[in-house]
Amino acid sequence: DAVMTQSPLSLPVTLGQPASISCRSSQSLVHSDGNTYLNWFQQRPGQSPRRLIYKVSNRDSGVPDRFSGSGSGTDFTLKISRVEAEDVGIYYCMQGTVWPPGFGQGTKVEIK
Amino acid sequence: EVQLVESGGGLVQPGGSLTLSCAASGFTFRSYWMHWVRQAPGKGLVWVSRINGDGSTTNYADSVKGRFTISRDNAENTLYLQMNSLRAEDTALYYCVRDLQWLGGDYWGQGTLVTVSS
Chain A
4 DAVMTQSPLS
14 LPVTLGQPAS
24 ISCRSSQSLV
34 HSDGNTYLNW
44 FQQRPGQSPR
54 RLIYKVSNRD
64 SGVPDRFSGS
74 GSGTDFTLKI
84 SRVEAEDVGI
94 YYCMQGTVWP
104 PGFGQGTKVE
114 IK
Chain B
23 EVQLVESGGG
33 LVQPGGSLTL
43 SCAASGFTFR
53 SYWMHWVRQA
63 PGKGLVWVSR
73 INGDGSTTNY
83 ADSVKGRFTI
93 SRDNAENTLY
103 LQMNSLRAED
113 TALYYCVRDL
123 QWLGGDYWGQ
133 GTLVTVSS
């Protein structure tokens with residue numbers, strides 16, 4: 004299994020300031036088909052998870068461009084350029100390359 | 023518009039059974055892998071099971087293997103999760119997710135809550 008480790012687990016941020024979440028895999032997430040199946044989800048309080056980023060860096064439709072994903076191999080990052088109040092929630096990375104699919108522990112983003 | 027609507031959750035005693043349903047609409051259901059993901063109260067997301075488009079391939083997390091059965095009815099656009107021998111640790115919100123692995127879980131249902139308690 005690929006173990007997904009996120010850091011930090013708690014991230015207090017000042018409104019308007021940047022935020023960065025790290026996600027590291029115990030195995031390379033480069034699939035034999037050449038794709039890297041690493042995705043990011045946002046879960047606002049009381050809501051279902053919502054995908055923000057797929058295959059490392061592709062932003063979903065409707066996702067503000069302040070969200071960006073980067074990385075390769077085993078190290079990945081989700082960045083929020085300027086945190087807004089609506090960004091409060093828990094963020095999960097998830098890999099689909101290595102069987103079975105797996106999620107990171109989640110990073111709780113809150114406003115200072 | 024893609025919609026996934028789960029139902030069937032509830033309170034069940036340890037050792038009991040429950041069947042969850044997920045009604046899909048807005049896309050060609052039979053063309054997609056479907057997954058179940060669960061979230062225990064206050065905890066993170068955990069993959070549970072998956073099934074391919076025609077129902078011929080199924081996989082399970084070790085924690086539910088032998089107790090849970092995933093299935094689908096493509097004529098009714100519905101995904102199922104039959105859960106037997108339920109344990110307290112199965113208590114969670116269960117989400118139906120479209121193609122978590124290859125499409126990255128682009129659509130999720132609202133979840134249905136299963137509580138296993140005496």
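Protein chains in written order, with the numbering used here: chain A, 4 to 115; chain B, 23 to 140.
Backbone N, C-alpha and C define an ideal beta-carbon position, used for all residues, glycine too.
Computed from a prediction, not measured in an experiment: that's the story for all the values here.
At a Cβ threshold of 8 Å, is B:Lys130 touching chain A? Reading the second sequence from its first residue, position 108 is the one you call residue 130 of chain B. Note on residue identity: the sequence assigns Trp, not Lys, to residue 130 of chain B. B:Trp130 counts as touching chain A.
Under 8 Å Cβ-Cβ, which residues of chain B neighbour A:Met97? Here residue 97 of chain A corresponds to residue number 94 of the first sequence, with the count starting at 1. Within chain B, Leu67, Leu122, Gly126, Gly127 have C-beta atoms less than 8 Å from the C-beta of A:Met97, given in sequence order.
For chain B, is any of its Cβ atoms less than 8 Å away from the one on A:Gln20? For the purposes of this step, residue 20 of chain A is taken as the residue at position 17 of the first sequence. No, A:Gln20 lies away from the interface with chain B (no Cβ there is under 8 Å from its Cβ).
Quick one: what's B:Leu40 bridged to in DSSP? Mapped onto the second sequence, residue 40 of chain B falls at position 18. Residue pairing from DSSP places B:Leu40 in a beta bridge opposite B:Met105.
By a C-beta neighbour count over all protein chains shown, 10 Å radius and 16 as the cutoff for buried, is B:Pro36 buried or exposed? As a first step, residue 36 of chain B is located in the second sequence; it is residue number 14 there, counting from the start. With fewer than 16 Cβ atoms within 10 Å of its Cβ, B:Pro36 is classed as exposed.
Using the three-state DSSP reduction, which class does A:Asp78 fall into: helix, strand or coil? Against the first sequence, residue 78 of chain A aligns to sequence position 75. In the structure shown, the three-state DSSP call for A:Asp78 is strand.
Return yes when at least one heavy atom of the ligand MN lies under 7 Å from the C-beta of A:Ser29, else no. By its list of ligands, the structure shown contains no ligand whatsoever, and the ligand MN lies outside what it can speak to.
Measure the Cβ-Cβ separation of A:Lys111 and A:Leu12 and say whether it is below 8 Å. Along the first sequence, one-based indexing puts residue 111 of chain A at 108. Along the first sequence, one-based indexing puts residue 12 of chain A at 9. Yes.
Distance, B:Trp130 Cα to A:Ser84 Cα: Along the first sequence, read from residue 1 onward, the residue named residue 84 of chain A stands at position 81. Along the second sequence, read from residue 1 onward, the residue named residue 130 of chain B stands at position 108. Spanning the two alpha carbons is a distance of roughly 26 Å.
Which listed residue (A:Gly105, A:Lys115, A:Gly109, A:Gln20) has its alpha carbon closest to that of B:Asp84: For the purposes of this step, residue 84 of chain B is taken as the residue at position 62 of the second sequence. Of A:Gly105, A:Lys115, A:Gly109, A:Gln20, the residue nearest in Cα terms is A:Gly105.
Buried or exposed for A:Glu113, going by 16 or more other Cβ atoms inside 10 Å? Counted from its first residue, the first sequence places residue 113 of chain A at position 110. By the neighbour-count criterion, in which a residue is buried when 16 or more other Cβ atoms sit within 10 angstroms of its Cβ, A:Glu113 is exposed.
Chain B residues whose Cβ lies nearer than 8 Å to that of A:Gln108: Working through the first sequence from its first residue, we reach residue 108 of chain A at position 105. Correct list: Gly66.
Just to confirm my understanding: we take A:Leu81, look at its own chain, exclude 5 residues before and 5 after, and list those with CB closer than 8 Å. What are they? Residue numbering aside, residue 81 of chain A sits at position 78 when the first sequence is read from its first letter. Excluding sequence neighbours, A:Leu81 sits near Ser23, Ile24, Cys26, Trp43, Leu55, Ile56, Phe70, Ser71, Gly72, Tyr94, Cys96.
What three-state label does DSSP hand B:Asp112 in the structure shown? Indexing the second sequence from 1 puts residue 112 of chain B at position 90. B:Asp112: helix per DSSP, three-state reduction.
May I ask you to report which of helix, strand or coil DSSP gives A:Ala88? As a working mapping, residue 88 of chain A is identified with position 85 in the first sequence. DSSP places A:Ala88 in helix when its eight states are reduced to three.
Would you say A:Thr100 and A:Leu14 are within 8 Å of each other, going by their C-beta atoms? Within the first sequence, residue 100 of chain A is the residue found at index 97, counting from 1. Within the first sequence, residue 14 of chain A is the residue found at index 11, counting from 1. No.
Helix, strand or coil for A:Glu47 per DSSP? Here residue 47 of chain A refers to the residue found at position 44 of the first sequence. Contrary to the premise, residue 47 of chain A reads as Arg rather than Glu in this sequence. Coil, per DSSP.
Identify every residue that forms a DSSP beta bridge with B:Val27. Residue 27 of chain B sits at position 5 when you count from the first residue of the second sequence. For B:Val27, the beta-bridge partners assigned by DSSP are B:Ala45.
What separation, rounded to the nearest whole angstrom, lies between the Cα atoms of A:Asp36 and A:Gln30? In the first sequence, counting from the first residue as 1, residue 36 of chain A sits at position 33. In the first sequence, counting from the first residue as 1, residue 30 of chain A sits at position 27. Their Cα atoms are separated by approximately 16 Å.
Strictly under 8 Å for the Cβ-Cβ distance: is B:Ala97 near chain A by that measure? For the purposes of this step, residue 97 of chain B is taken as the residue at position 75 of the second sequence. Residue contact check for B:Ala97 against chain A: no CB pair falls below 8 Å.
From B:Leu33 to B:Glu111, what does the alpha carbon distance come to, in whole angstroms? As a working note, residue 33 of chain B is residue 11 in the second sequence. As a working note, residue 111 of chain B is residue 89 in the second sequence. About 13 Å.
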